[in-house]
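Chains as they are written, first to last, in my numbering: chain A, 2 to 84; chain B, 2 to 84.
First the structure, in the form of structure tokens, and then the observations on it.
Number of protein chains: 2
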Amino acid sequence: MTAYTAVVTVRLKRGVLDPEAERTQEALERLGFELGDLRSADRFEVDLDADSAEAAADRADEMAERLLANPTIHDYTVEVEEQ
Amino acid sequence: MTAYTAVVTVRLKRGVLDPEAERTQEALERLGFELGDLRSADRFEVDLDADSAEAAADRADEMAERLLANPTIHDYTVEVEEQ
Numbered sequence: 002m003t004a005y006t007a008v009v010t011v012r013l014k015r016g017v018l019d020p021e022a023e024r025t026q027e028a029l030e031r032l033g034f035e036l037g038d039l040r041s042a043d044r045f046e047v048d049l050d051a052d053s054a055e056a057a058a059d060r061a062d063e064m065a066e067r068l069l070a071n072p073t074i075h076d077y078t079v080e081v082e083e084q
Numbered sequence: 002m003t004a005y006t007a008v009v010t011v012r013l014k015r016g017v018l019d020p021e022a023e024r025t026q027e028a029l030e031r032l033g034f035e036l037g038d039l040r041s042a043d044r045f046e047v048d049l050d051a052d053s054a055e056a057a058a059d060r061a062d063e064m065a066e067r068l069l070a071n072p073t074i075h076d077y078t079v080e081v082e083e084q
């Protein structure tokens with residue numbers, strides 16, 4: 002077994018409104034920053050033991066499917082690195 | 002001017018409690034997943050025009066200092082990529 006960190010990034014699907022990101026962008030613009038767009042995402046870093054990086058990614062993928070992401074509104078990506 | 006995307010990742014400093022991450026970890030364990038630790042972070046993807054990648058990173062850094070992160074409890078990192 003090897004120790005891995007799986008990074009699961011959960012984003013709203015294109016077309017789903019994100020009022021929090023809109024307010025953040027407005028607040029930055031009020032501070033004088035010029036920006037084209039701002040998107041926000043949740044990042045989960047999960048430490049786990051697995052036989053291979055592929056097995057760790059599969060497990061993180063299942064965690065995203067079952068709990069971390071809501072498939073109706075979210076897309077997610079999984080990246081695995083050895084600790 | 003070139004179009005860049007700056008990714009600002011905002012994490013709680015080590016030692017700052019993160020009840021939401023703890024509840025998420027517990028919920029995953031209740032579903033039968035074994036994991037060593039789970040940390041959560043906020044990820045902001047900011048599209049902006051700048052003269053260089055360095056200038057874009059400086060601007061994103063200032064956004065983090067002034068609004069996106071709370072220096073008392075957060076650390077942050079900035080990565081810039083050309084669009």
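Ideal Cβ placement from N, Cα and C applies to all residues, glycine included.
- Using beta-carbon distances, A65 (chain B) does not count as an interface residue toward chain A, since no partner is under 7 Å.
- Fully contained in the stretch 51-77 of chain B are the following alpha helix (DSSP H) runs of length 4 or more, in chain order: 54-64.
- C-alpha of A61 (chain B) to C-alpha of T73 (chain B): approximately 19 Å in a straight line.
- Here T10 (chain A) is near A42 (chain A), since their CB atoms are less than 7 Å apart.
- In the DSSP assignment, the residues bridged to E80 (chain B) are B:V8.
- For E35 (chain A), the three-state secondary structure derived from DSSP is coil.
- Under the Cβ distance rule, D52 (chain B) does not count among the residues neighbouring chain A, no pair being separated by less than 7 Å.
- When C-beta atoms of the stretch 14-27 of chain A are compared with those of the stretch 23-33 of chain B, fewer than three pairs fall below 8 Å, so the two segments do not count as touching.
- If you check the CB distance, L69 (chain B) and F45 (chain B) come in under 7 Å.
- Classified as buried, A57 (chain A) has 16 or more neighbouring CB atoms from the shown chains inside 10 Å of its CB.
- Listed in chain order, the non-local C-beta contacts of D52 (chain A) below 7 Å within the same chain comprise M2, local neighbours out to five positions each way being set aside.
- Residues of the same chain with a CB within less than 8 Å of the CB of L36 (chain B), apart from the 5 flanking positions on each side, are Q26, L29, E30 in chain order.
- At a C-beta separation below 9 Å, E55 (chain A) has no neighbours in chain B, since its nearest C-beta there lies roughly 17 Å away.
- When Cβ-Cβ separations below 7 Å define contact, D48 (chain B) makes contact with chain A.
- Sixteen is the threshold: when 16 or more other Cβ atoms of the shown chains lie within 10 Å of the Cβ of R12 (chain B), as they do, the residue is buried.
- Within a 10 Å sphere around the beta-carbon of A4 (chain A) sit fewer than 16 other beta-carbons, which makes this residue exposed.
- Counting of Cβ neighbours within 10 angstroms places L49 (chain B) among the buried residues, the total reaching 16 or more.
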